[in-house]
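In full-length UniProt numbering, the protein residues as written are 1 to 209.
Using N, Cα and C, we set each Cβ at its ideal position, and we do this for glycine too.
Source: prediction; values computed, not measured.
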């Protein structure tokens, strides 16, 4: 669960970056062997099918091809990892995905409270994710390389630059993220410099740059 902020968007009072759409479809929750398209909306069924095809074509980049040739794919290789898009609107999703594809964006961050409030697990090192574009088409495969929980005020210049947004300075990172958190923290949560923040770095596996 990541929440990246685009400072310029914040200044314009436009939606800023959040990890996933308001109602994300998680292909990791279905088993392709028993998946029933009629049980979900047509749009979700299309996303599921496209993500599954994408995973079948790209899992070799996660080191899952050689063994499958000999013994056949395992369940872990067949079921795709979680798929999500950056942001809460298509244009932002496209812009941040482009930053990942060009190598400018190799990190993302979120409020720890969001994981707590939603009962969601934190990202873990080695975890794979499929990134969707603004129209929910799978475009990239990434692997989490580090996860650190720190405070907002302790996020440093190096991490701010790795998020790849705006002018990539710590000053703009703080301004944009503070504005985002103030607008989007759930009821009962208030922004504070010492609020816990999950800082995640990732590696682009596909497409290769």
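Opposite residue i in the DSSP bridges: which residues?
i, result
"residue 206", "141"
"residue 200", "108, 147"
Between which two residues does the alpha helix (DSSP H) containing residue i stretch?
i, result
"residue 101", "90-101"
"residue 172", "170-184"
"residue 52", "42-58"
"residue 157", "157-162"
Using CA atoms only, rank isn't needed, just tell me which of the options is closest to residue i.
i, options, result
"residue 92", "50, 114, 136", "136"
"residue 143", "45, 47, 171, 80", "80"
"residue 206", "140, 105, 162", "140"
"residue 56", "108, 95, 138", "138"
"residue 209", "100, 60, 182, 83", "100"
"residue 191", "110, 134, 64", "110"
"residue 122", "161, 94, 82", "82"
"residue 97", "165, 51, 62", "165"
"residue 202", "124, 51, 60", "124"
"residue 104", "167, 181, 177", "167"
"residue 162", "106, 42, 173", "106"
"residue 146", "157, 108, 44, 177", "108"
"residue 87", "200, 180, 199, 204", "180"
"residue 200", "176, 159, 169", "159"
Output the boundary residues of the beta strand (DSSP E) element that contains residue i.
i, result
"residue 107", "107-111"
"residue 83", "82-84"
"residue 212", "The displayed coordinates of the chain run from 1 to 209. Any statement about residue 212 would go beyond what the structure contains."
Looking at chain D, is there any beta carbon in it that lies within less than 8 Å of the beta carbon of residue i?
i, result
"residue 106", "Although the question refers to chain D, the structure presented lacks it and comprises just one protein chain."
* Asked: Taking one C-beta from the region 174-186 and one from the region 126-138 each time, how about it: are there three or more such pairs within less than 8 Å?
  -> no
* Does the region 190-206 come within contact of the region 144-155, defined as at least 3 CB pairs closer than 8 Å? -> yes
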